[in-house]
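Order-wise, the sequence lines are chains A and B. Final position of the first sequence in full-length UniProt numbering is 368; the numbers increase by one with none missing. Final position of the second sequence in full-length UniProt numbering is 310; the numbers increase by one with none missing. Virtual Cβ for every residue (Gly too), placed ideally from N, Cα, C. Remember, predicted model here, so these are calculated numbers, not experimental data. What follows is one structure encoded as C-alpha cells, with my remarks underneath.
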Amino acid sequence: MDNILTFIKKEFLHVFRDRKTLLMLFGLPIVQIILFGFALTNEITNAKIAVCDYAKDDASQHIIGKLQASQQFEIQSALLSHEQIGTAFKGGEIKMAIVFPANFNNDLLHQHKAQVQLITDASDPNTATAISGYANQIVMDYQNDLMQLQRLPYQINTEVRMIYNPELKAAVNFVPGVMSLILLLVCVLMTSVAIVKEKETGTMEILLVSPFNPFLVIVSKAVPYLALSLINLTIILLLSVFVLGMPINGSILLLYAVSTLFIITALSLGLLISNSTASQQSAMLISLMGMLVPSILFTGFMFPLENMPYPLQLVSHIIPAKWYYIIVKSVMVKGLGLSAIWKETLILLTMTVLLLVFNIKKFKIRLT
Amino acid sequence: MKDVVLNNIAKIYNKGTVQAVNDVSFHVNKGELFGLIGPDGAGKTSIFRILTTLLLPDGGTASVNGFDVVKDYKTIRKNVGYMPGRFSLYPDLSVQENLNFFASIFNTSVRENYDLIKDIYIQLESFKDRRAGKLSGGMKQKLALCCALIHRPTVLFLDEPTTGVDVVSRKEFWEMLKRLKQQGITILVSTPYMDEATLCERIALIQNGSIMSIDTPQNIIEQFSENLFAVKSDNMGSLLQDLKNIEIVKSCNAFGAYHHVTFKDDNQEMKEALIRVLEEKQHTNIELNPITATIEDCFIKLMEDKEWTL
C-alpha cells in the first residue's frame with residue numbers, strides 16, 4: 001500500500017514539474033468558458049440597424065421608438081433613400097435595414113393594411129433569421145397595441161413560454177458541452193500520453209521487472225488525473241455560476257457523482273489508447289482525432305443530433321460524451337434527479353465496465 | 001550452483017523473418033561476472049529481455065535462480081536487478097527522488113541497503129537534488145546502477161551499461177562491478193566493446209543471434225591458433241587493399257594504427273616474402289611485428305571461420 005502512495009506522489013510530481021502542461025490544463029477550461037460565453041455567442045444583442053423612413057408619421061415613429069428601446073437593436077443611422085441601404089450593407093456596419101413607405105400611417109388607418117420592409121444581411125443566415133424574427137415581433141407588438149382600441153371578433157393569441165432557459169441563454173447549451181469536452185481532453189489525452197511516456201523512455205521496462213503489480217502502475221497514473229479533472233470541473237462550475245450567471249438547479253452531489261463516473265470512463269478510454277500505441281505522438285493523435293473530434297460532432301451541443309441522418313445518430317450512441325451531456329443538462333439545467341437520468345447513467349456505467357474489463361484482459365505484463 | 005541457465009533459447013521477430021536469437025545455451029555461475037560480447041544487433045538485448053521476463057522466448061527454456069522465466073516470472077521480478085540499455089530513469093525527478101521511488105517500488109528503503117550502494121552513491125551525493133535529466137552520462141549510469149541495486153538483487157542484468165560513456169567513467173564502472181561481485185552478486189553484463197571482455201571472468205562471444213564461443217578471456221585468446229602480425233606502412237589505405245590481394249595472406253583487418261595479418265602457411269619465410277611483395281608494390285617504411293591476439297582478433301577469426309563453413 002505504501003508503494004502505491006509513493007507512486008501516486010511521483011505522478012503528482014511529474015504533473016507539477018511540467019509547467020506548460022499544467023498551465024494548459026487549468027487555462028483551457030477558463031479560456032473555453034470565456035470564449036463560448038462571450039465571443040462565440042449567437043445571442044443577438046445590440047445588432048446595428050439602419051432606418052429609412054419615408055413616412056415620418058405617428059405609426060413609423062412609434063415602431064422606431066420600440067426598436068430603439070429594445071435590447072436587441074441599436075439604430076446606427078437614419079437613411080434618406082433606398083440607394084443608401086446598399087452602401088450601408090456593403091460597409092458592413094449594419095445587420096438589418098427597415099423601410100417605411102410614404103403614407104404608412106395613412107394606409108394603416110384607412111386601408112387597414114400597410115407594408116414595412118425588412119432587409120437583412122443573410123450571408124450569416126442564422127443571425128438574419130433571428131434578427132428579422134425579433135423585428136417582426138416588435139411590429140406585431142405595435143399592431144396589438146392598435147387592436148386593443150378596436151376589438152376584433154376572433155383572435156388567437158399564442159402565448160410562448162421558454163421553460164428551463166427563459167432568457168434563451170447560450171450558456172445553458174454550451175456549459176455542459178464544454179464540461180464533457182474538457183473532462184474528455186484531460187483524461188483521455190493526458191493519461192494516454194503519461195502512460196505511453198513511460199513506455200517511450202524505457203522506465204516501463206524497469207517497472208515491469210519489479211514486484212510492483214503492473215496494473216497498479218496504471219491505477220496510480222490515473223489517480224492524479226482524476227483529481228485534476230475534479231478540480232477542473234469545479235472551476236468550470238464556478239465560472240458558469242458566477243461569471244455566466246447560470247445556476248445549478250439540481251443536486252450538486254449528483255452532478256459530481258455522474259461526473260466522476262464520466263471521468264473514469266474517459267480514463268479507461270485513455271488507458272485503451274495507451275495500451276495500443278507506442279509513442280506519445282500517436283497517442284496524442286488518436287486522442288485528438290479519434291476521441292475529441294467525434295465527441296464535438298456527436299455530443300449534440302454544436303450540431304443538433306435530431307437533424308442528422310439516422311446512421312449518424314446511431315454512431316452518436318457509442319460516444320460517451322453524448323450521454324454525459326444529456327445527464328449534465330438534465331441535472332444542471334432542468335434540476336432533475338437520478339430517477340430521470342438513470343438510463344443514461346446506466347449506459348455510461350456499462351461502457352466503463354466494458355472498457356475496464358477489456359483493458360485488464362489486454363494489459364501487457366511483458367513487452368511486445 | 002548456477003544462477004542463470006539458458007537452454008536452446010530462440011527468439012524470432014516480425015513473424016518469423018528475423019531470427020534475433022538462435023539456439024543460445026550458456027550458464028552463469030553464482031557470484032560470477034559474465035560478459036556477453038558482440039556487436040550491435042547481435043541479439044544481446046533480446047537475451048537480456050528474455051532473462052528479465054520481459055519477452056517470451058520462441059523456443060528453449062531459461063531460468064534465473066532456478067525459477068523458470070515464463071512460469072515463475074513474478075518471483076524473478078522480485079529478485080533480480082535490471083539496467084536497460086538506455087538511460088531509463090525519470091529525468092524530471094531528482095537523484096534522491098529517483099532512488100527513493102525505486103526503493104519503494106521494491107518494498108525496501110534506501111537506508112536498508114545503503115551499504116551496498118554507498119561506494120557509488122557517495123559520488124552522486126553532491127548532486128542529490130539535481131534532476132536526473134541534467135546529469136552527465138557517467139553520472140546517469142551510476143544513478144541507474146544505484147537504482148538497480150537498491151533492493152539487493154541476487155542477479156544483476158546490465159545491458160550495455162558503458163555504451164555512450166566516457167573512458168574514465170567506463171573504467172570506474174568496471175571497478176564498481178568488481179566490488180559488487182565481491183558482495184556475492186551474480187552479474188551478467190553485455191557490451192559491444194571488445195576491450196572490456198578481459199574484465200569479465202567468463203565471456204560469450206555472440207554474433208547474429210548465435211554464440212560463437214564461451215570461455216574465460218584467457219582461454220579464448222590462447223585458442224587463437226595462428227601467428228598474428230601487425231603491419232604498418234606510410235600508406236595504410238592502399239596497404240589494406242594490397243594485403244587482401246596477396247596470395248599468401250589468409251586474413252587482414254584494420255586495427256587502429258596497424259593492420260593485423262595472418263598467413264595461410266605458418267612459417268618464418270612468409271614474413272620476408274610479404275615484405276618483399278609489399279616493397280614491390282612501392283610501400284615505404286614497412287613494419288611487420290609478431291603480436292599476441294586480442295579478443296577482437298579472436299572475434300573476427302571466429303566470425304570468418306563461421307562464414308567459411310557456411
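Neighbourhood of residue i by C-beta, 6 Å cutoff - its chain only, sequence neighbours within 5 removed
{"i": "Asn8(B)", "result": "Asp23, Ser25 and Gly60"}
{"i": "Gly209(B)", "result": "Gln19, Ala20, Val21, Asn22 and Gly43"}
{"i": "Val223(A)", "result": "Ile8"}
{"i": "Val15(A)", "result": "Pro224"}
{"i": "Ile195(A)", "result": "Lys221 and Ser274"}
{"i": "Ser169(B)", "result": "Gly138"}
Buried or exposed by the 16-neighbour rule on C-beta atoms within 10 Å, applied to residue i
{"i": "Gln32(A)", "result": "buried"}
{"i": "Leu285(A)", "result": "exposed"}
{"i": "Asp297(B)", "result": "buried"}
{"i": "Tyr13(B)", "result": "exposed"}
{"i": "Gln68(A)", "result": "exposed"}
{"i": "Lys71(B)", "result": "exposed"}
{"i": "Val186(A)", "result": "buried"}
{"i": "Gly81(B)", "result": "buried"}
{"i": "Glu112(B)", "result": "exposed"}
{"i": "Gln207(B)", "result": "buried"}
{"i": "Gly177(A)", "result": "buried"}
{"i": "Phe114(A)", "result": "Checking the displayed sequence, the identity of residue 114(A) turns out to be Ala instead of Phe. So Ala114(A) counts as buried."}
{"i": "Thr299(A)", "result": "buried"}
{"i": "His260(B)", "result": "buried"}
{"i": "Ile151(B)", "result": "According to the sequence provided, residue 151(B) is His. The question's Ile does not apply to it. Flag for His151(B) reads buried."}
{"i": "His110(A)", "result": "exposed"}
Rounded straight-line distance, which links the Cα of residue j to that of residue i
{"i": "Trp342(A)", "j": "Leu349(A)", "result": "10 Å"}
{"i": "Ile319(A)", "j": "Thr158(A)", "result": "39 Å"}
{"i": "Pro57(B)", "j": "Ile37(B)", "result": "20 Å"}
{"i": "Lys78(B)", "j": "Val209(A)", "result": "7 Å"}
{"i": "Met179(A)", "j": "Val110(B)", "result": "44 Å"}
{"i": "Phe255(B)", "j": "Glu125(B)", "result": "40 Å"}
{"i": "Phe157(B)", "j": "Leu33(B)", "result": "10 Å"}
{"i": "Thr75(B)", "j": "Phe67(B)", "result": "7 Å"}
{"i": "Ser213(B)", "j": "Lys301(B)", "result": "11 Å"}
{"i": "Ile187(B)", "j": "Glu200(A)", "result": "26 Å"}
{"i": "Leu288(B)", "j": "Val249(B)", "result": "13 Å"}
{"i": "Val231(B)", "j": "Val165(B)", "result": "31 Å"}
{"i": "Ile163(A)", "j": "Leu233(A)", "result": "26 Å"}
{"i": "Thr191(B)", "j": "Gly41(B)", "result": "12 Å"}
{"i": "residue 372(A)", "j": "Thr352(A)", "result": "Absent from the model: residue 372(A). The displayed extent of chain A is 1 to 368, so no value can be given."}
{"i": "Ile236(A)", "j": "Gly35(B)", "result": "59 Å"}
{"i": "Gly31(B)", "j": "Ile122(B)", "result": "24 Å"}
{"i": "Ala122(A)", "j": "Val175(A)", "result": "28 Å"}
{"i": "Asn46(A)", "j": "His317(A)", "result": "39 Å"}
{"i": "Ile181(B)", "j": "Ser238(B)", "result": "It should be pointed out that residue 181(B) corresponds to Lys in this sequence rather than to Ile. Approximately 47 Å between the Cα atoms of the pair."}
8 Å contact criterion, which residue i and residue j should meet: CB distance rounded
{"i": "Ser268(A)", "j": "Leu356(A)", "result": "5 Å"}
{"i": "Leu255(A)", "j": "Leu338(A)", "result": "About 11 Å; that fails the 8 Å criterion."}
{"i": "Ser46(B)", "j": "Lys11(B)", "result": "5 Å"}
{"i": "Ile4(A)", "j": "Leu216(A)", "result": "6 Å"}
{"i": "Ser233(B)", "j": "Asn285(B)", "result": "6 Å"}
{"i": "Gly335(A)", "j": "Gly250(A)", "result": "4 Å"}
{"i": "Asn65(B)", "j": "Val155(B)", "result": "7 Å"}
{"i": "Ile185(B)", "j": "Ile203(B)", "result": "18 Å between Cβ atoms; not a contact."}
{"i": "Leu246(B)", "j": "Leu274(B)", "result": "Residue 246(B) is actually Ile in this sequence, not Leu. With 8 Å as the limit, Ile246(B) and Leu274(B) qualify as a contact, their Cβ atoms being about 7 Å apart."}
{"i": "Val69(B)", "j": "Thr53(B)", "result": "5 Å"}
{"i": "Tyr193(B)", "j": "Thr216(B)", "result": "With 8 Å as the limit, Tyr193(B) and Thr216(B) do not qualify as a contact, their Cβ atoms being about 18 Å apart."}
Proximal residues to residue i (C-beta, below 8 Å), its chain only, five neighbours per side dropped
{"i": "Ser70(A)", "result": "Tyr134 and Ile138"}
{"i": "Val167(B)", "result": "none"}
{"i": "Leu93(B)", "result": "Phe101, Arg131 and Ala132"}
{"i": "Phe363(A)", "result": "Pro214, Phe215, Ile218 and Asn275"}
{"i": "Cys146(B)", "result": "Leu99, Ile117, Ile120, Tyr121 and Leu124"}
Nonlocal neighbours in the same chain, by C-beta distance under 7 Å from residue i, ignoring five residues either side
{"i": "Gly92(A)", "result": "none"}
Proximity test, residue i beta-carbon vs the ligand GDP heavy atom, cut-off 8 Å
{"i": "Pro161(B)", "result": "The ligand content of the structure shown is nil, which means the ligand GDP is not present either."}
> Listed from N- to C-terminal order along the chain, which residues in the segment 205–221 of chain A have their beta-carbon within a distance smaller than 9 Å of any beta-carbon of chain B?
Replying inline: Glu205, Ile206, Leu207, Leu208, Val209, Ser210, Pro211 and Phe212
>> By the 7 Å beta-carbon criterion, what residues does the segment 70–88 of chain B contribute toward chain A?
In response: Arg77, Lys78, Val80, Tyr82, Pro84, Arg86 and Ser88
> When you check each C-beta in the segment 94–112 of chain B against every C-beta of chain A, which residues fall closer than 8 Å?
Replying inline: So the list reads Glu97, Asn100, Phe101, Phe102, Ser104, Ile105, Phe106 and Asn107, given in the order they occur along the chain.
>> Any C-beta of chain B within less than 9 Å: which residues of the segment 7–33 of chain A qualify?
In response: Phe7, Lys9, Lys10, Leu13, His14, Arg17 and Asp18
>> Along the segment 180–198 of chain A, where does the CB come closer than 8 Å to a CB of chain B? Name the residues.
In response: Correct list: empty, as no residue qualifies.
> Listed from N- to C-terminal order along the chain, which residues in the segment 31–53 of chain B have their beta-carbon within a distance smaller than 9 Å of any beta-carbon of chain A?
Replying inline: Arg49, Thr52 and Thr53
>> Against chain B, which members of the segment 264–296 of chain A pass a CB distance test of less than 8 Å?
In response: Within the segment 264–296 of chain A, no residue has a Cβ that lies closer than 8 Å to any Cβ of chain B.
> What residues in the segment 3–17 of chain B bring their beta carbon closer than 8 Å to a beta carbon of chain A?
Replying inline: none
>> Give me the subset of the segment 152–166 of chain A whose CB atoms are less than 9 Å from a CB atom of chain B, sorted by chain position.
In response: Of all residues in the segment 152–166 of chain A, none has a Cβ within less than 9 Å of some Cβ in chain B.
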